[in-house]
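Heads up, the thing below is written out as structure tokens.
Numbering (UniProt numbering), first residue to last: 1 to 350.
Shown next, in the form of structure tokens:
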């Protein structure tokens, strides 16, 4: 049964507010740095690190001072740069940075807590405990990633968001998510202990075969799409991070809407929400960037054009599209509009 419109609006509003608030915290960290670097304070603690090296002692040092010291060949005591303004908030690609917490909060609220219309008072304490564990694990993992990234950030002009360590970690976790969803969708964990003899493989056409066939068709399609986007400077030049998100999109799409066109045509509402929501989101962030001048859309961006050159004004478009396709696809499932329409599922006209 689809969710009531009032609950749909409430869910979307709460998710957007939470994502905006969490991103505002990171913007505050950037504002604290200003035109300074956060550098590791090696005068405190054991080599300047504590908590297994996850949380460093840092201090503010003007950028010109750090650059002068680190570029002086006669100075052996170099500053270890931990972060600079822009590393946390990602204002130049605000639309992309907001998309990740949007998906996260949607999953937390709609699928774990059952908000707003399926909150079970009996199960709520357990679900809150589950959510608390997820939050703790997420914080710890992100601290590890920041610690790894900080080790790579040695050049005075480098940013955590662009170092190899951070890209490698994104790829690793995206691949893990992809395989987890894939094997779950294929039903591989559900084998019975009482297996019967396998049928003659010469006459065997399994559902898994059909799933794999269409999965590779979609993967081929997004591969061609990503190559075209990169060639036209509409995606990150290294392509790997963008492409990994498109791969996740393919597997989630197959899980949400079925694994072949014969299922997709019955789920027009959910697919329409996915595409329509994305098409509306893009101009919203475009207008937001023009209105604020500081919060980038990630595409057609004067901010990116100024910092990276006019040829790179659209390098965030690929991630913008793939991330918001995922968000609106998940949203369609959260409001229970991703299934077949009643007329198609019962054989009656709607």
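Even for Gly, the Cβ is constructed at its ideal location relative to N, Cα and C.
Exercise for review: Would you be able to state if there are at least three C-beta pairs under 8 angstroms between the stretch 267-283 and the stretch 313-325?
Suggested key: yes
Exercise for review: Mind reading off the beta-carbon distance from residue 70 to residue 78? Whole number of angstroms is fine, and I expect it under 8 angstroms.
Suggested key: On the chain shown, residue 70 is found 70 positions in, with the first residue counted as 1. On the chain shown, residue 78 is found 78 positions in, with the first residue counted as 1. Correct: roughly 5 angstroms between the Cβ atoms.
**Study point:** 4 or more residues per run - each alpha helix (DSSP H) lying fully within the stretch 75-154
**Key:** 94-106 and 124-152
Exercise for review: List the whole-angstrom C-beta distance separating residue 11 from residue 110, where the pair is believed to meet the contact cut-off of C-beta under 8 angstroms.
Suggested key: Here residue 11 corresponds to residue number 11 of the chain shown, with the count starting at 1. Here residue 110 corresponds to residue number 110 of the chain shown, with the count starting at 1. Confirmed, about 6 angstroms.
Exercise for review: Identify, in the order they occur along the chain, each residue of the same chain with its Cβ nearer than 7 angstroms to the Cβ of residue 29, setting aside the five sequence neighbours on each side.
Suggested key: What you label residue 29 is simply residue 29 of the chain shown in a count that begins at 1. Here the set comprises 88.
Check your understanding: Are the CB atoms of residue 94 and residue 18 nearer to each other than 7 angstroms?
Key -> Residue 94 sits at position 94 when you count from the first residue of the chain shown. Residue 18 sits at position 18 when you count from the first residue of the chain shown. Their beta carbons are not under 7 angstroms apart, which means residue 94 does not touch residue 18 by this criterion.
**Study point:** Buried or exposed by the 16-neighbour rule on C-beta atoms within 10 Å, applied to residue 2
**Key:** For the purposes of this step, residue 2 is taken as the residue at position 2 of the chain shown. So residue 2 ends up on the exposed side.
Practice item. Tell me whether the beta-carbon of residue 112 lies closer than 7 angstroms to the beta-carbon of residue 131. Key: Looking up residue 112 in the chain shown gives position 112. Looking up residue 131 in the chain shown gives position 131. Yes, they are a contact pair.
Practice item. My understanding is that residue 338 touches residue 257, with C-beta atoms under 8 angstroms, so please give their C-beta distance in whole angstroms. Key: The residue given as residue 338 occupies position 338 in the chain shown. The residue given as residue 257 occupies position 257 in the chain shown. About 7 angstroms; that satisfies the 8 angstroms criterion.
Check your understanding: Assuming residue 58 contacts residue 41 under a Cβ cut-off of 8 angstroms, what Cβ separation, rounded to an integer in Å, is found between them?
Key -> Counted from its first residue, the chain shown places residue 58 at position 58. Counted from its first residue, the chain shown places residue 41 at position 41. Indeed they touch by this definition, with Cβ atoms about 6 angstroms apart.
Practice item. Measuring alpha carbon to alpha carbon, tell me which of 243, 283, 288 and 340 ends up nearest residue 262. Key: The count along the chain shown starts at 1 and reaches residue 262 at position 262. The shortest C-alpha separation from residue 262 is found at 340.
**Study point:** Start-to-end residues for the beta strand (DSSP E) that takes in residue 62
**Key:** Working through the chain shown from its first residue, we reach residue 62 at position 62. Start and end: 58-62.
Review point. Would residue 83 be called buried (16 or more neighbouring beta carbons within 10 Å of its own) or exposed?
Key: The sequence position of residue 83 within the chain shown is 83, counting from 1. Per the 10 Å Cβ criterion, buried.
Review point. From which residue to which residue does the beta strand (DSSP E) around residue 417 run?
Key: The chain is shown only over 1 to 350; residue 417 falls outside these bounds and no answer can be derived.
**Study point:** Between the CA atoms of residue 271 and residue 101 - distance to the nearest angstrom
**Key:** For the purposes of this step, residue 101 is taken as the residue at position 101 of the chain shown. For the purposes of this step, residue 271 is taken as the residue at position 271 of the chain shown. Their backbone Cα atoms lie some 22 angstroms apart in a straight line.
Review point. Quick one: Cα of residue 138 to Cα of residue 55, how far?
Key: For the purposes of this step, residue 138 is taken as the residue at position 138 of the chain shown. For the purposes of this step, residue 55 is taken as the residue at position 55 of the chain shown. For residue 138 and residue 55, the distance between alpha carbons rounds to 15 angstroms.
Review point. At which residues does the alpha helix (DSSP H) containing residue 275 begin and terminate?
Key: In the chain shown, the residue the question calls residue 275 occupies position 275. Run containing residue 275: 268-292, per the alpha helix (DSSP H) assignment.
Review point. Do residue 235 and residue 307 have their C-beta atoms within less than 7 angstroms of each other?
Key: Start at 1 with the first residue of the chain shown, and residue 235 comes out as number 235. Start at 1 with the first residue of the chain shown, and residue 307 comes out as number 307. Result no, Cβ atoms of residue 235 and residue 307 do not sit closer than 7 angstroms.
Point to revise | Residue from 260, 247, 99 and 249 with nearest C-alpha to residue 209 | key: Mapped onto the chain shown, residue 209 falls at position 209. Nearest of 260, 247, 99 and 249 to residue 209, Cα basis: 260.
Review point. Leaving out five residues before and five after residue 285 in sequence, what residues of the same chain have Cβ atoms less than 6 angstroms from its Cβ?
Key: As a first step, residue 285 is located in the chain shown; it is residue number 285 there, counting from the start. Correct list, in chain order: 95 and 297.
**Study point:** DSSP three-state assignment for residue 345, whether helix, strand or coil
**Key:** As a first step, residue 345 must be located in the chain shown, where it is residue number 345. Model confidence at residue 345 stands at a pLDDT of 49, short of 50, so the residue's coordinates are unreliable and nothing is read from them.
Point to revise | Identity of the residue in 8, 80 and 75 nearest residue 43 by Cα | key: Walking along the chain shown from the start, residue 43 turns up at place 43. When only C-alpha atoms are compared, the closest one is 80.
Review point. Regarding residue 276 and the ligand ATP, is the C-beta to nearest heavy atom distance less than 6 angstroms?
Key: Inclusion of the ligand ATP in the displayed structure is not the case, the ligand content being empty and no account of it being possible.
Review point. Residue 6 by DSSP, collapsed to three states: which one?
Key: Counting from 1 along the chain shown, the entry for residue 6 is found at position 6. Reduced to three states, the DSSP call for residue 6 is helix.
Check your understanding: What separation, rounded to the nearest whole angstrom, lies between the Cα atoms of residue 135 and residue 114?
Key -> Working through the chain shown from its first residue, we reach residue 135 at position 135. Working through the chain shown from its first residue, we reach residue 114 at position 114. Spanning the two alpha carbons is a distance of roughly 17 angstroms.
Check your understanding: If you drop the 5 nearest sequence neighbours on each side, which residues of the same chain put their C-beta closer than 7 angstroms to that of residue 332?
Key -> Here the question's residue 332 lines up with position 332 in the chain shown. For residue 332, where only same-chain residues beyond five positions count, the Cβ hits under 7 angstroms are 270, 273, 274 and 338.
Review point. Residue 250 and residue 219 look like a contact to me (Cβ under 8 angstroms); what is the Cβ gap, rounded to whole Å?
Key: One-based indexing of the chain shown puts residue 250 at position 250. One-based indexing of the chain shown puts residue 219 at position 219. At roughly 6 angstroms, the Cβ-Cβ gap stays under 8 angstroms, so residue 250 and residue 219 are in contact.
Practice item. Out of 38, 67, 243 and 330, point me to the one whose CA is closest to residue 228's CA. Key: Numbered from 1 along the chain shown, position 228 holds the residue referred to as residue 228. Residue 228 has its Cα closest to that of 243, out of 38, 67, 243 and 330.
Practice item. Figure out for me which residue from 266, 264 and 238 has the closest Cα to the Cα of residue 315. Key: Sequence index remark: in the chain shown, residue 315 carries index 315 (1-based). Comparing Cα positions, the closest option is 238.
Review point. So is residue 98 buried or exposed if we call it buried at 16+ other beta carbons inside 10 Å?
Key: Numbered from its first residue, the chain shown carries residue 98 at position 98. That one is buried.
Exercise for review: Starting from residue 306, trace the alpha helix (DSSP H) both ways and give me its first and last residue.
Suggested key: The residue labelled residue 306 in the question sits at position 306 within the chain shown. That run of the alpha helix (DSSP H) goes 302-308.
Practice item. Take the Cβ of residue 32 as the centre, count every other Cβ of all protein chains shown within 10 Å, and call the residue buried at 16 or more, exposed below. Key: Residue mapping note: residue 32 aligns to position 32 of the chain shown, counting from 1. Under this definition residue 32 is an exposed residue.
Point to revise | alpha helix (DSSP H) segment containing residue 257, residue limits | key: Counting from one through the chain shown, the residue named residue 257 turns up at place 257. Note, residue 257: alpha helix (DSSP H), 240-257.
Point to revise | Status (buried if at least 16 other CB within 10 Å, exposed otherwise) for residue 4 | key: Here residue 4 refers to the residue found at position 4 when the chain shown is read from its first residue. The residue in question, residue 4, is exposed, as its Cβ has fewer than 16 Cβ neighbours within 10 Å.
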